[in-house]
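Just below is one structure, and these are the notes that go with it.
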Amino acid sequence: MESKLFLLLVTVGFTVIAGEYVRPQPRKDLQVPWDAKPSSQSQQVHISLAGDKHMRVTWVTGDRSAPSIVEYGTSSGKYSSVAQGESTSYSYMIYKSGLIHHTVIGPLEHDTVYFYKCGGQGPEFQLKTPAAQFPITFSVAGDLGQTGWTKSTLEHIERCKYDVHLLPGDLSYADYLQPRWDTFGELVQPLASARPWMVTQGNHEKESIPFLKDGFESYNSRWKMPYKESGSSSNLYYSFEVAGAHIIMLGSYTDYDEHSDQYKWLKADLSKVDRQKTPWLLVVFHVPWYNSNKAHQGEGDSMMAAMEPLLYAASVDIVFAGHVHAYERSNRVNSGKSNTCGAVHITIGDGGNREGLAQRYEHPSPEWSVFREASFGHGELEIVNSTHAFWTWHRNDDDEPVRSDQVWMTSLVSSGCVAEKTHELRKILMSP
Ligand SMILES: *[C@@H]1O[C@H](CO)[C@@H](O)[C@H](O)[C@H]1NC(C)=O
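Here you go:
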């Protein structure tokens, strides 16, 4: 008792003397309440964009014969349309998942609130479709997990009136314990059932077991993204378009060399991008290429070597990554140096998982690094029009979404880089 008190005094004393800001500690895993629901009632409802004017509704039922229908309409309780979907399930060692339903609804009007019900019963949900044109707001946070900090991050995201959430990998931190995928689904349902959540996978989604389990089984079953809709053969990489932005979600843990399926798909996808229609080009993946934190140093190097020349030729505006549990924003960069025609790289793996923050940085800070801070938080990207976007990063410390970093960005379309590189891009895209 006495020694504890002494330790406390010493700690407080040091803190006061050093005058240093003390980073909050990691928070414990949440005990997500698991109410016993009728087994045919929808749980873990989330939505995602599924091609032009369509949305995929995903939910889980305990009942393995529950129907995969979604009734929906623009007024509460009155459903003018009904869509039939499909369902899947998986087993993982002794765990058996509920029935996972995926039902695509649409065509939907832009910028419109819809009311919907899953499986013909249970509570009504509400979603809002994104507008057809700018402005549009994306919220961004990776490495979420399900701790007290995650809760704080989710509360701040909910307050920000976003249209689409971008998640650069590491969702549930289930880490082989499958019921944690279910609790994560329940935790994010209030947000993810109301706005599309577009995700890509991180290392914590892999859950492979040598000789027994290939990777990403739970992730692919539960978080089905519009890969078929975007011409991809794998749920691990895909693209979508929303209000003047073309967004490419890549996989850091699947092949990416120039002979890989992912690379070939990326070339095909880039050849379809029309910068008149979608002036902003964003890319999202898990392992950062520009990272001056000591955590995960160099892990993105081989993917960067394989893909950066292509993304540079394509004039990608912004790259979002996660993995490192801290926030960092770069200048426009290419090939390791600031470059006005390169992408801004933002590491935002600070959603609040139980592993805590990555607090050690390389010194001196590299020339391309503009802002770095080890705090939990989330980002908001408001694309105002074809030329301007406003980026803010809000840290969670003290449980308030304090806006800590902010910057106006101008698009590469408006700076002339896109036009300048058209020829170079065409050459790469045409090469076998
Ligand atoms: C785009 O928005 C910015 C910031 O509000 C403004 O200064 C600019 O004039 C707008 N450009 C166009 C083409 O509307």
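Letter by letter, the sequence shown follows residues -19 to -1, 1 to 413 in mature numbering (1 follows the signal peptide of the UniProt record, and there is no 0).
Yeah, the Cβ is synthetic: ideal placement off N, Cα and C, and Gly gets one too.
Since the model is a prediction, treat every value here as computed from it, not as a measurement.
(1) Ligand 1 and V388: does any heavy atom of the ligand fall closer than 7 Å to the residue's C-beta?
(2) Nearest to M74 by alpha carbon, out of S174, P160, N320, E348?
(3) Would you tell me roughly how many angstroms separate the C-alpha atoms of Y293 and Q278, rounded to the nearest one?
(4) Given that a residue counts as buried once 16 or more other Cβ atoms are within 10 Å of its Cβ, and exposed if not, what is E67?
(5) If you measure from each residue's Cβ to the nearest non-hydrogen atom of ligand 1, which ones come out under 6 Å, in chain order?
(6) Is the segment 120 to 140 touching the segment 38 to 53, taking contact as three or more C-beta pairs under 8 Å?
(7) If you draw a straight line from the alpha carbon of L247 to that of L410, how long is it in whole angstroms?
(8) Just confirm the distance between the C-beta atoms of N274 and A339, as a whole number of angstroms; I'd bet it's less than 8 Å.
(9) To the nearest angstrom, report how far apart P269 and L291 are at their CA atoms.
(10) Tell me, which residues are paired with T69 by DSSP?
(11) Check T134 in the structure and name its three-state DSSP category.
(12) Kindly indicate the opening and closing residues of the alpha helix (DSSP H) around V399.
(13) Have a look at S296, M288, E167, G333 and flag the residue whose alpha-carbon is nearest the alpha-carbon of D255.
(14) List the endpoints of the continuous beta strand (DSSP E) containing R203.
(15) Count the other CB atoms, across all protein chains shown, that sit within 10 Å of the CB of I229; report buried if there are 16 or more and exposed otherwise.
(16) In angstroms, rounded to a whole number, what distance separates the CA positions of F106 and P171?
(17) Assuming A294 is part of the beta strand (DSSP E), what are its boundary residues?
(18) At which residues does the alpha helix (DSSP H) containing S246 begin and terminate?
(19) Using DSSP bridges, identify the partner residues of I190.
(20) Please confirm whether F357 and D386 have their CB atoms less than 8 Å apart.
So, to answer that:
(1) no
(2) P160
(3) 22 Å
(4) exposed
(5) V365, N366, T368, H369
(6) no
(7) 10 Å
(8) Contact holds; Cβ gap of about 5 Å.
(9) 16 Å
(10) I81
(11) helix
(12) 398 to 411
(13) S296
(14) In the DSSP assignment, R203 falls outside any beta strand (DSSP E) and lies within the alpha helix (DSSP H) extending over 198 to 203.
(15) buried
(16) 9 Å
(17) Here A294 belongs to no beta strand (DSSP E); instead the alpha helix (DSSP H) covers 282 to 294.
(18) Ser is not the amino acid found at residue 246; the sequence shown has Trp there. Here the alpha helix (DSSP H) through W246 covers 242 to 253.
(19) K194
(20) No, Cβ-Cβ distance for F357 and D386 is not below 8 Å.
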